[in-house]
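This report concerns only the one structure given below.
In the working numbering, the protein residues as written are 453 to 826.
Now the structure itself:
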C-alpha cells in the first residue's frame with residue numbers, strides 16, 4: 453500500500469492534538485505499508501522542520517518521503533484560517549499532482565484534503581473533533597465555526613471515506629450528510645509504552661485516605677467546563693486536592709486545596725502530575741476524543757467525564773463515570789460517591805481498556821480496513 457499523508461504539522465514542532473495524531477499515526481503506519489509520502493509544515497509562517505529532524509522523530513524508517521511546505525497566514529481578517537488552509541492544500545496538490553495516481557490512498561488531516569476532492573478515488577478525510585459542528589460559547593466562536601462549515605462540508609461530503617473517532621461524532625457526520633457506508637471508525641491512540649503494568653502501578657503512591665486527588669487538564673476556554681468543576685467543588689465537603697493544568701485564573705475562597713500549574717509544555721511533567729492523582733475529571737461541554745483521557749487511563753486512573761464527542765468510546769461504568777454535559781449535580785454525585793476501593797478497581801480497568809487504543813493496534817486496524825476496500 454502506498455499512502456499520501458497530508459498533515460498540517462507534526463508534534464512537537466507544531467502543537468495540537470491533530471498534529472500529535474499525525475506524528476504517531478505515521479510512525480506506526482510506516483512499518484505496515486510499502487511507502488508513505490508525508491506532506492507537513494512548521495508553525496504558521498515558519499519554515500518546516502528539516503527532513504533529518506522529521507525522520508528522527510518517526511524512528512528513521514526507510515520508506516517515507518518527506519515534503520515540507522510553509523503554512524502562510526499573514527491576515528487577521530475574519531476567515532483568514534480558511535483562506536490559508538485552502539492555499540496550503542492547493543500548494544500540496546501542485547507538488548504531488550503528477551504522481552497522484554501512484555498512491556493507493558490519500559489520507560488528509562483536517563482541511564488539508566480540500567484541493568484533493570474529486571482528484572483521487574480513495575480520499576480519506578479525518579476532521580477529528582468536528583469542532584465546526586459542535587456548540588459555540590461566544591459570538592466570535594460561533595462566527596468562526598459558521599465560516600468553517602462550508603469547507604468542512606465540501607470535504608466530508610465528497611471524500612470517498614470519512615474517519616470518525618466514534619461515539620457521538622459518528623452521529624454528527626450522519627447529520628451533516630455523510631453516508632453511513634462511507635464512515636470508518638478509527639479512534640485516537642496512545643503509545644503502548646505509556647501503559648503501566650500492574651507491577652509499575654503498585655509502585656505509584658497509594659490513594660491518600662485523607663484527601664482524594666483530582667486532576668483537571670484543559671485549555672483556558674469555556675468549552676472545557678472549568679466553571680462546572682468549580683461549582684461542583686463548592687458543593688463538596690469531602691477533602692479534595694485539585695490540580696489544575698491550563699491557563700486558568702486561580703479561584704479564591706475555596707475550601708479544598710487548589711494547585712494551579714498553569715500551562716505546561718513538558719509532556720513528562722503532565723504525566724508526573726497525572727501519576728500523582730487519583731481521578732481525572734473532564735467536564736467538557738464539547739470534545740473530540742481527548743488524548744488526556746487516554747493518557748490518564750494508561751496511568752491507571754479512574755475517569756469522570758461528560759458524554760460528549762467520542763468520550764463514551766473510552767469511559768463507561770467499568771473505568772469511571774459518564775455524566776451529562778453542563779450538569780453540576782451529576783458531577784457532584786460522581787465525585788462524592790466514589791470510594792477508595794472503587795477508584796482502585798476503576799483504575800485497573802482503565803489500564804485493561806486502553807490497550808485496545810494503542811497506536812500499534814490502531815495502525816494495524818487501519819491497514820486491514822482499507823486493504824479490504826481497495
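Where is the CB? At the ideal position from N, CA and C, for every residue including glycine.
Tell me whether residue i sits in a helix, a strand or coil according to DSSP, three-state version.
{"i": "residue 799", "result": "helix"}
{"i": "residue 756", "result": "strand"}
{"i": "residue 706", "result": "coil"}
{"i": "residue 499", "result": "coil"}
{"i": "residue 692", "result": "strand"}
{"i": "residue 819", "result": "helix"}
{"i": "residue 429", "result": "No information on residue 429 is available, as it lies outside the stretch 453 to 826 that the chain covers here."}
{"i": "residue 512", "result": "coil"}
{"i": "residue 505", "result": "helix"}
{"i": "residue 473", "result": "helix"}
Express the C-alpha separation of residue j and residue i in angstroms, rounding to a whole number.
{"i": "residue 536", "j": "residue 563", "result": "10 Å"}
{"i": "residue 779", "j": "residue 680", "result": "7 Å"}
{"i": "residue 720", "j": "residue 568", "result": "38 Å"}
{"i": "residue 724", "j": "residue 607", "result": "39 Å"}
{"i": "residue 592", "j": "residue 530", "result": "10 Å"}
{"i": "residue 696", "j": "residue 769", "result": "25 Å"}
{"i": "residue 534", "j": "residue 580", "result": "17 Å"}
{"i": "residue 690", "j": "residue 708", "result": "9 Å"}
{"i": "residue 504", "j": "residue 515", "result": "14 Å"}
{"i": "residue 911", "j": "residue 698", "result": "In the structure as shown, the chain starts at 453 and stops at 826, and residue 911 therefore has no counterpart that could be examined."}
{"i": "residue 789", "j": "residue 468", "result": "34 Å"}
Measuring alpha carbon to alpha carbon, tell me which of the options ends up nearest residue i.
{"i": "residue 460", "options": "714, 542, 691 and 588", "result": "542"}
{"i": "residue 483", "options": "736, 749 and 818", "result": "818"}
{"i": "residue 621", "options": "540, 587 and 806", "result": "587"}
{"i": "residue 773", "options": "747, 802, 751 and 750", "result": "802"}
{"i": "residue 548", "options": "759, 539, 519 and 496", "result": "519"}
{"i": "residue 717", "options": "464, 793, 555 and 826", "result": "464"}
{"i": "residue 810", "options": "453, 600, 610 and 473", "result": "473"}
{"i": "residue 601", "options": "799, 628 and 821", "result": "628"}
{"i": "residue 732", "options": "495, 799 and 777", "result": "799"}
{"i": "residue 864", "options": "730, 729 and 760", "result": "Any property of residue 864 remains undetermined from this structure, which presents the chain solely from 453 to 826."}
{"i": "residue 736", "options": "751, 762 and 545", "result": "762"}
{"i": "residue 521", "options": "493, 756, 711 and 604", "result": "493"}
With a CB to CB cut of under 6 Å and the five nearest residues on each side skipped, what residues in its chain are close to residue i?
{"i": "residue 624", "result": "582 and 585"}
{"i": "residue 574", "result": "557 and 612"}
{"i": "residue 744", "result": "669"}
{"i": "residue 616", "result": "622, 625, 635 and 637"}
{"i": "residue 775", "result": "758, 782, 783 and 786"}
Any heavy atom of the ligand MN closer than 7 Å to the CB of residue i?
{"i": "residue 667", "result": "In terms of ligand content, the structure shown is empty, and the ligand MN therefore cannot be addressed."}
Under 8 Å Cβ to Cβ from residue i, same chain only, skipping five residues before and after it: list those, please.
{"i": "residue 747", "result": "642, 646, 722, 723 and 726"}
{"i": "residue 590", "result": "674"}
{"i": "residue 595", "result": "530"}
Near residue i, which residues of its chain fall below 7 Å by C-beta distance, leaving aside the five closest residues on each side in sequence?
{"i": "residue 524", "result": "497, 536 and 539"}
Buried or exposed, going by whether 16 or more other CB atoms sit within 10 Å of the CB of residue i?
{"i": "residue 455", "result": "buried"}
{"i": "residue 676", "result": "buried"}
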